[in-house]
Each structure stands twice: as structure tokens, then as C-alpha cells.
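Structure, as C-alpha cells:
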Amino acid sequence: MERTNRGRQRVKLDNVLRHTLWRLAEHLWDIRKTVHDRTYVRSVDFTLANGRRGTVKILLEPHMELFGEVDTPPGTAHNPHTFYMLVNPKTFLNVRNVYSLLFHEFMHLTDPTQSVAWNDRYCKETYSADADETYYGHDIEFRAFVNEFLEGLVNAFADGVSRGTDGATLWRMNREILDHFNEGGALSSDTIDLLQGVGGFDGENRFKREWRKFSYRFPFLKKLYWAGDAAAFLTYLYRIREFNPRRWPRFLTLLYAAHGEIETVIETPCDSGTKVQYRFL
Ligand SMILES: [Zn+2]
Numbered sequence: 228m229e230r231t232n233r234g235r236q237r238v239k240l241d242n243v244l245r246h247t248l249w250r251l252a253e254h255l256w257d258i259r260k261t262v263h264d265r266t267y268v269r270s271v272d273f274t275l276a277n278g279r280r281g282t283v284k285i286l287l288e289p290h291m292e293l294f295g296e297v298d299t300p301p302g303t304a305h306n307p308h309t310f311y312m313l314v315n316p317k318t319f320l321n322v323r324n325v326y327s328l329l330f331h332e333f334m335h336l337t338d339p340t341q342s343v344a345w346n347d348r349y350c351k352e353t354y355s356a357d358a359d360e361t362y363y364g365h366d367i368e369f370r371a372f373v374n375e376f377l378e379g380l381v382n383a384f385a386d387g388v389s390r391g392t393d394g395a396t397l398w399r400m401n402r403e404i405l406d407h408f409n410e411g412g413a414l415s416s417d418t419i420d421l422l423q424g425v426g427g428f429d430g431e432n433r434f435k436r437e438w439r440k441f442s443y444r445f446p447f448l449k450k451l452y453w454a455g456d457a458a459a460f461l462t463y464l465y466r467i468r469e470f471n472p473r474r475w476p477r478f479l480t481l482l483y484a485a486h487g488e489i490e491t492v493i494e495t496p497c498d499s500g501t502k503v504q505y506r507f508l
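All letters in the sequence shown, in the order written, are residues 228 to 508 by the numbering used here.
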């Protein structure tokens, strides 16, 4: 069951499902080079945000253009047990990146508007991945990207704790991120490094040097497409702010709650030898 806490907290998947997704991410990463055609991997059960149960078949599809997508067969749009998910192994950067992709797709699966509350106008006529306005501007992707980011952000701080990064540094980085999104405050280079690691996108750092040059202090409220792949999540979030400004205050509310969650993470000692991604199980 997801915990939404009256909408003021990020959407979390239950611990059993998170554990399943980490295991699945490791498995998909391991077999990524052995798959040459569309391949069924396994089915996963989940709970929608409204408490209904659903099932999804996970398939690897190396011939698609996107990172991943979820859909139902024709004529079954309202049935949450007919979902299938295609993920593209050619886009995988590392296990953390695969987990982030799965988490994003599960934000769609657990969104009631994608099955039991399906509405053609909401889902087909106003949503499209072909344009920024209808993709980053749509509430469907707000839910997916924002919660994917916050999950990755909390995990990145847990990772820092497990690597022994000193608490004062983590505390400062947590504050910088909040101030940056609230007021356009500056990000230190180590905070930028941490943000680049959210979702495993530090595996792709072709643009890292260029990104650093411009990003020590960059103007708020500007298009930041130049950030390129290296800061994938900053780019995604700025697109959401530009194309769905009505929702931006809600992002700040959820970020503030995650900021408090991260403070708890920083102050909670990490068992030695514990793999960070399982820390919250
Ligand atoms: Zn999406």
C-alpha cells in the first residue's frame, strides 16, 4: 500500500515491492546483453494508490526508442491486471538507473488514472510524449518524475551516509537543494555531484565538464536544456516547472517533506555492510 499522507508526502512504494524492484533491477542489468528480442522476464503484483490490486508483466525490449513504457492490451484500459511494461536494456546505465526507471514506470502503474479511473480525454487527448507541453506539462508525468526524483534523492543521501560522508557536509547539501529550488540558491560542486547521481545518471557523464562550468551558480527561472544528460533530473524538473507551473508549489511541498526525511536518514547510523539500497526495508 502506498502512503500518501494526505498528499503532503512523496509517494512511496511499499517495502516488499521496493525490495522486489531492486532485485529485478539487478537481474535486468545482469541479463541486459543476452537479450536480442522482446523477452518476458516476470510478473509483479502491486497496489494502486486507491487500494486496488494490479499485476504487470515485465518485458525487455531492445528495439524500442524510449527508456520504458507501460500499457494494456486494446479493450482492457480499466483492468489493472492486464498491464505490461516494456523496458529498453540498451538505455541502462547501472543498477541504480534501472531501479529508477522501474520506479518511474510503477508510478504510472499505481496511478488510478492509468487503469481503474481511465478517461480517454485525460489520458489520450491531452497526454503525449511527442511534445514537452503534453509530456512534462501533464500531471501524469508530474507524479512519475517528481516521485522518481525524490526516491532517488533520499537514496543518494543514504548512499552518502553508508560511504561515510561526514554529517555536516550532508546536512549542508540537503539545505542547499531545498534553498536552490525555493529561492534559486547556489549549489556547491559536491551537491551537483550528488544530484547527478540521482537515478544513476552519473553513469553518463559526457557533459559533466560543461555542466560544471556553468552550474556553480546558475540563474533561476531560465531554460536549462544545456544541462544535458549529466544532470538529467535538474533538466526534467525545470521542464516540469516551465510546462506545468500550476503544480510547482506542490513539488516544493513534497521536496520540503523529503528534506525532513533526509535529515532523519543523515542522523540514522548505517549498519556496516548493509547495502544502501536495502536500508529502508
Ligand atoms: Zn512517464
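Even for Gly, the Cβ is constructed at its ideal location relative to N, Cα and C.
Going by beta carbons, N315 and G426 fall outside the 8 Å limit. With 6 Å as the limit between CB and the heavy atoms of ligand 1, the residues that fall short of it are H331, H335, E368 and A371. Given a length threshold of 4 residues, each whole run of the alpha helix (DSSP H) inside the segment 334-412 is given here in chain order: 359-362, 366-389 and 394-410. Annotation for T266: L286 and L287 place their beta carbon closer than 7 Å to its own, counting only its chain and skipping 5 residues before and after. Fully enclosed alpha helix (DSSP H) runs of no fewer than 4 residues occupy 322-336 of the segment 264-340, in order along the chain. Here G364 has F470 and N471 as same chain residues with Cβ atoms under 6 Å from its own Cβ, once five neighbours each way along the sequence are excluded. Residues I467, N471 and R474 of the same chain have their beta carbon placed closer than 7 Å to that of F369, with the five preceding and five following residues left out of the count.
Pairing N306 with A395, the inter-Cα distance amounts to about 49 Å. In chain order, T282 place their CB closer than 6 Å to the CB of D272, counting only its own chain and leaving out the 5 sequence neighbours on each side. Proximity to G391 across G278, V492 and K239 peaks at V492, based on C-alpha coordinates. Here H335 is buried: its Cβ has 16 or more other Cβ atoms, across all protein chains shown, within 10 Å. No residue range can be given for F428, since it is assigned to no alpha helix (DSSP H) and is classified by DSSP as neither H nor E.
R237 and L377 do touch by the CB rule: their CB atoms are close to 4 Å apart, below 8 Å. One Cα belongs to D338, the other to L248, and the distance between them is close to 17 Å.
Close CB contacts of Y362 within its chain, under the 7 Å cut and outside five residues either way in sequence, are with S355, A356 and E368 (chain order).
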